[in-house]
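Student:
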Ligand SMILES: *Cc1c(COP(=O)(O)O)cnc(C)c1O
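In our numbering, the protein residues as written are -10 to 374.
1. Residue ranges of each beta strand (DSSP E) run of no fewer than 3 residues wholly in the stretch 127 to 181, ordered along the chain?
2. Which of the three DSSP states, helix, strand or coil, is assigned to residue 84?
3. Check whether the Cβ of residue 148 lies closer than 7 Å to any heavy atom of ligand 1, and answer yes or no.
4. Might you give, ordered along the chain, the residues of its own chain that have their beta carbon closer than 6 Å to the beta carbon of residue 29, omitting 5 neighbours on each side?
5. Report all residues from its chain with a CB closer than 7 Å to the CB of residue 71; omit the five preceding and five following residues, and keep chain order.
6. Would you mind stating whether residue 152 and residue 40 have Cβ atoms separated by less than 8 Å?
7. Have a look at residue 123 and residue 344 and give me their C-alpha separation to the nearest angstrom.
8. What residue range is occupied by the uninterrupted beta strand (DSSP E) comprising residue 46?
9. Looking at the strands, I want to know which residues DSSP matches up with residue 187.
10. By the DSSP assignment, the beta strand (DSSP E) with residue 349 in it spans what residues?
11. So what's residue 328 in DSSP terms, helix, strand or just coil?
12. Count the other CB atoms, across all protein chains shown, that sit within 10 Å of the CB of residue 256; report buried if there are 16 or more and exposed otherwise.
13. Once DSSP output is grouped into helix, strand and coil, what is the label at residue 75?
14. Can you tell which of 208, 230 and 229 has its C-alpha closest to the C-alpha of residue 220?
15. Which ranges would you report for the alpha helix (DSSP H) in the stretch 183 to 271 if only whole runs of at least 4 residues count?
16. Quick one, are the C-beta atoms of residue 270 and residue 116 less than 8 Å apart?
17. Could you give the DSSP three-state label for residue 281: helix, strand or coil?
18. Is any non-hydrogen atom of ligand 1 found closer than 7 Å to the C-beta of residue 289, if you look at the structure I gave you?
19. Can you tell me whether residue -1 is helix, strand or coil according to DSSP?
20. Please look up how many angstroms separate the CB atoms of residue 34 and residue 190, rounded, as I've assumed it's under 8 Å.
21. Do you know offhand how far residue 97's Cα is from residue 59's?
22. How would you write the range of the alpha helix (DSSP H) that residue 362 sits in, first residue to last?
23. So the beta strand (DSSP E) residue 62 belongs to, where does it begin and stop?
24. Just grab the DSSP bridge partners of residue 344 for me.
25. Out of 261, 296 and 258, state which residue places its alpha-carbon closest to the alpha-carbon of residue 272.
26. Looking at the secondary structure, which residues open and close the alpha helix (DSSP H) in which residue 21 lies?
27. Within this structure, are the beta carbons of residue 62 and residue 81 separated by less than 8 Å?
28. For residue 304, name the three-state secondary structure that DSSP assigns.
29. Would you say the beta carbon of residue 69 comes nearer than 7 Å to a heavy atom of ligand 1?
30. Look at the Cβ atom of residue 202, then the Cβ atom of residue 232, and state whether they are nearer than 8 Å.
31. With which residues is residue 95 paired in a DSSP beta bridge?
32. Does ligand 1 have a heavy atom nearer than 7 Å to the CB of residue 145?
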């Protein structure tokens, strides 16, 4: 099976992991600050905090803003469920903003309209989570303008988008947001097996995030209620979690992130080949907005169903039958049985539903062979023409 995405592990990666295994620290050692330093260096953000996965990062990002009962978080319906679950973990309510039909990212116009309605009903969101779907940055400037006008905080879900740029600046710089969240799951751009990170330029948020990732515990002299007790002394200041990354994972991350730019360049080359090979088929190919440089985590094609006699399910099944590991990113979150069981009146999102009916993610990862790219493209041509 040609997978839709996969990791790239080199001998350097293996050596980096093995050297941690032979060292004194498997966790809470020197590889963690080294990895965090690589993330701040790369993104230009003031702070980076490495955590156990992207979902944990979203959870404590919400907690850092005090999200809780009675609060609202809005996100995109076309995302992994974690983008919405983070609100529910905090006891808050979640709702959705429809996507833009060209980029598949949260539509700023739809966001503005929803904010105006919510303002009248006195239920403005505390947090909005734009998701950089497929690695293409959202229209962050427009979303930030709305944040300033309506008073919400922004957490960028950049789980697809490390290595992407917006207006020439790395995603994670938090130029138009409060916090950015990354995932290092093996299908993502760089991997630590499981892993995640948050970046922010806000000192107070960084301190809270760090504490929430480590049981709510601090040893910082300035934060302690009782001072000068001794070197053993620490205090738990709030209810936190063990969301730490291990040094084994961080060492893999340090090694992987050295290749971030070459990975993203390779993904752009693969996208250019698909763009060329699929140009004449009844498909909508990924549109790139001029201010965005995508990390190209995914290459999503949309079937022009009106021009076809086959369904998405038929095409999908035939591709799988041909050993092409296609996938669909994503089912609108509010259609999930769990979300339906909440008996909330979620925003219906027609653009998201239209996208979902047509979308297929085809294989995209550095290291896919030319032959496989041509095979996938030829198979699509055979099925669609
Ligand atoms: C992968 C992903 C997450 C969750 O990250 P994990 O590291 O798997 O917990 C959240 N949001 C999006 C958009 C993702 O793709």
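Beta carbons are placed, not taken as given, at the ideal position from N, Cα and C, and that holds for glycine.
Tutor: Reading it off the structure:
1. 142 to 146 and 168 to 172
2. strand
3. yes
4. 37
5. 43, 44 and 47
6. no
7. 13 Å
8. Residue 46 -> not in any beta strand (DSSP E); alpha helix (DSSP H) instead, spanning 43 to 53.
9. 38 and 170
10. 348 to 351
11. helix
12. buried
13. helix
14. 208
15. 192 to 201, 236 to 246 and 249 to 266
16. no
17. strand
18. no
19. coil
20. 6 Å
21. 24 Å
22. 359 to 373
23. 61 to 64
24. Answer is none; residue 344 lacks a bridge partner.
25. 296
26. 20 to 32
27. yes
28. helix
29. yes
30. yes
31. 88
32. no
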